[in-house]
Amino acid sequence: MFGHLAIAYCYVCPSTSINSITSTLQLLLNEHPNTAFVIAGDFNVDMNTTNNRSTSLYNFFNDNNMIFAIPNGTHTTHSNTCLDTIYTSLPIVYQLHFIPHYICVFSFSKKNCLTYKVYELYYSEL
1 MFGHLAIAYC YVCPSTSINS ITSTLQLLLN EHPNTAFVIA GDFNVDMNTT
51 NNRSTSLYNF FNDNNMIFAI PNGTHTTHSN TCLDTIYTSL PIVYQLHFIP
101 HYICVFSFSK KNCLTYKVYE LYYSEL
């Protein structure tokens with residue numbers, strides 16, 4: 001069976017409200033119905049802590065049938081926070097290798113301080 005796969009990467013400014021993050025992501029998902037997603041990036045929300053921002057982001061992805069694809073306890077900064085994350089609606093995450101980034105390329109937009117780029121591909125379910 002063939003379908004669409006969209007791969008999106010995001011950068012979110014630390015000052016961006018959680019409502020702006022989730023509403024923009026919801027627009028993205030709505031623009032690509034019946035599409036499998038991998039959404040990765042720097043959300044500037046520490047997923048290693050439990051607070052309003054992390055809970056809201058987790059609930060948003062959970063409500064949209066997406067899973068947090070980074071193993072528990074993974075940190076992406078020297079201060080043991082997890083700001084760079086990956087979410088997917090694919091039914092199986094086979095294996096994830098975390099490689100610290102040294103060079104990141106992002107486009108920039110001042111509109112609401114949340115930038116994303118989407119790549120659409122075709123994939124085959126095994």
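For the sequence shown, position 51 matches number 51 in UniProt numbering, and the numbering has no gaps at all. Glycine included, each C-beta is placed from N, C-alpha and C at the ideal position.
- If only uninterrupted beta strand (DSSP E) runs of at least 3 residues are considered, those enclosed by the UniProt domain "Endonuclease/exonuclease/phosphatase" (7 to 92) are 35 to 42 and 84 to 88.
- Counting C-beta atoms within 10 angstroms of its own C-beta, N34 has fewer than 16 neighbours from the protein chains shown and is therefore classed as exposed.
- Beyond the five residues adjoining it in sequence on each side, P14 comes within less than 6 angstroms, by CB distance, of N44 in the same chain, given in chain order.
- For V12, the closest C-alpha among the options M66, N64 and D46 is that of D46.
- Counting every other CB atom within 10 Å of its CB across the protein chains shown gives D63 a total below 16, marking it as exposed.
- Counting only residues of its own chain and dropping the five nearest sequence neighbours on each side, Y87 has a CB closer than 8 angstroms to the CB of F37, V38, I39, A40, F61, M66, I67, F68 and A69.
- Proximity to S23 across T85, N59 and H4 peaks at N59, based on C-alpha coordinates.
- Shortest Cα-Cα distance from S17 to any of S56, N80 and C82 involves S56.
- N80 is a Cβ neighbour of N48, given a cutoff of 8 angstroms.
- With fewer than 16 neighbouring CB atoms inside 10 Å of its own CB, L27 falls in the exposed class.
- The residues V45, D46 and M47, in chain order, have a CB closer than 7 angstroms to that of S54 in the same chain once the five nearest residues on each side in sequence are set aside.
- By the Cβ neighbour-count rule, T50 is exposed, with fewer than 16 other Cβ atoms within 10 Å of its own.
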